[in-house]
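For reference, the structure is listed below as structure tokens.
In structure tokens form, the structure reads like this:
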């Protein structure tokens, strides 16, 4: 496809019905469980600021008793929410009620691939589970553990349907009791606690058919899956330019789940941070002239992000370069997909004002998950894209890009090596399309000073 043409993602109408989600916020990090007075009581004070930024959904931590061993989620008594490290059940319900009163839906972190046992069996193996209720709900034994589990749990269930997790016994999701009782627990979290949707942790640990079953049994307002696989790399240690296989793993998972769920766009994150770190912004256009991540194929089901509690925070498994974070937010907040903001960046890094400006530009101009992108420049030091011909995003150290911006556009916000333009009031009356050069734009101009606008 010529870069001069509008980039229309492939038509997946039945898979692009996630229309109510504008902006998601990751509402915790790995240190939140240590907050004095409880995280729920602390977070509730931030709701006015979160709501004022146009956020529609907030992702909350796992609500049950969770062992945070070796920086991994290890759930146990799923119904026991008074033993949570983040606060009590009543505090959680109060928090969710306050979010709802501000028009924000709450997404629970659902950790169901694996589970920690309450006690050992007669052979000394940890495989006796306690659900956290006076009755036997979720009180499982070895028959609910995959027979090929690698934690020496003595599982006698069906073989695992997904990737192995070696931190706790892998649950047998083909077991009908497991399916029924987990569905009941999730529905209880909707009706009793107030949750609206799910974030499926380590969703590659079980078949997408299983996720589809839970989606059908619980019918969440919103759901997102974590399918985190490595990018493909070349012999030079850099990500390969073509990551089509990586992003298609995400789109195929969405389709297998039934199309009503979304997936975190790890492809976009990986390509974006590689492009910024290496000074190779040409990576941000695929061979068809469109965005190279999942948003280039199925934007309505792609949740874009810069960092989360695993990739960033104190874990730093795959952190976005700290000096490029705002450029990352320029990209995800102007481009298609469902942007997810990270609590640390928004509150702890002092970026709330800059991120909020971008969020308001997105909202004011009606940028949605499936808007059209026209990439106007993708050189090593300059990336320029027009989104739905309403805003123009510019990223990179090259200072001069004015020839690509029509005269009826104005600077909406700018910062260190980034800028966003939108139509002026007069410009909306007389639309002039961005000018695209016949050949890639090159310039001998030196980059502008740090902090300068384009």
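In our numbering, the protein residues as written are 1293 to 1746. For every residue, glycine included, the Cβ atom is placed at its ideal position computed from N, Cα and C.
Here residue 1453 really is in contact with residue 1466; their C-beta atoms are around 7 Å apart, less than 8 Å. In the DSSP assignment, residue 1608 falls outside any alpha helix (DSSP H) and carries neither an H nor an E.
Under the three-pair Cβ rule at 8 Å, the region 1321–1328 counts as touching the region 1603–1612.
Distance between residue 1518 and residue 1492, taken at the CA atoms: about 6 Å. By the C-beta criterion, the region 1475–1487 is judged not to be in contact with the region 1517–1536, since fewer than 3 inter-stretch pairs fall below 8 Å.
The Cβ-Cβ distance between residue 1552 and residue 1506 does not fall below 8 Å. By the criterion of at least three beta-carbon pairs nearer than 8 Å, the region 1617–1630 is in contact with the region 1642–1662. Closest in alpha carbon position to residue 1422, among 1378, 1489, 1450 and 1371, is 1371. It is roughly 21 Å from the alpha-carbon of residue 1345 to the alpha-carbon of residue 1594. In this chain, the beta strand (DSSP E) harbouring residue 1351 covers 1349–1352. Counting only unbroken stretches of 4 or more residues, the alpha helix (DSSP H) elements lying wholly within the region 1377–1434 are 1381–1393, in sequence order. Look at residue 1436 here: in three-state DSSP terms it is helix. The straight-line gap separating the alpha-carbon atoms of residue 1341 and residue 1645 is approximately 10 Å.
For residue 1660, the three-state secondary structure derived from DSSP is coil.
In this structure, residue 1462 sits away from residue 1436, with a CB-CB distance that is not shorter than 8 Å. Within a 10 Å sphere around the beta-carbon of residue 1412 sit fewer than 16 other beta-carbons, which makes this residue exposed. Under the criterion of beta carbons closer than 8 Å, residue 1549 and residue 1500 qualify as touching, at roughly 5 Å. In this structure, residue 1678 sits away from residue 1592, with a CB-CB distance that is not shorter than 8 Å.
Contact holds between the region 1578–1586 and the region 1552–1565, because three or more Cβ pairs, one in each stretch, are under 8 Å apart. Here residue 1490 is actually not in contact with residue 1460; their C-beta atoms are around 19 Å apart, not less than 8 Å. For the set 1614, 1628 and 1631, the Cα lying nearest the Cα of residue 1642 is the one of 1614. Comparing alpha-carbon positions, the option among 1542, 1640 and 1350 lying closest to residue 1522 turns out to be 1542. Residues 1366, 1367, 1457, 1459, 1460, 1461, 1462, 1463, 1494 and 1497 of the same chain have their beta carbon placed closer than 8 Å to that of residue 1406, with the five preceding and five following residues left out of the count. Within a 10 Å sphere around the beta-carbon of residue 1709 sit 16 or more other beta-carbons, which makes this residue buried.
Look at residue 1517 here: in three-state DSSP terms it is strand. Only residues of its own chain outside the window of five on either side were considered, and among them 1387 and 1390 have a CB closer than 6 Å to the CB of residue 1336, listed in chain order. In the DSSP assignment, residue 1316 falls within the beta strand (DSSP E) that extends over 1316–1318. Secondary structure in the region 1441–1521: the beta strand (DSSP E) runs of 3 residues or longer, each lying completely within the stretch, are 1489–1492 and 1514–1517 in chain order.
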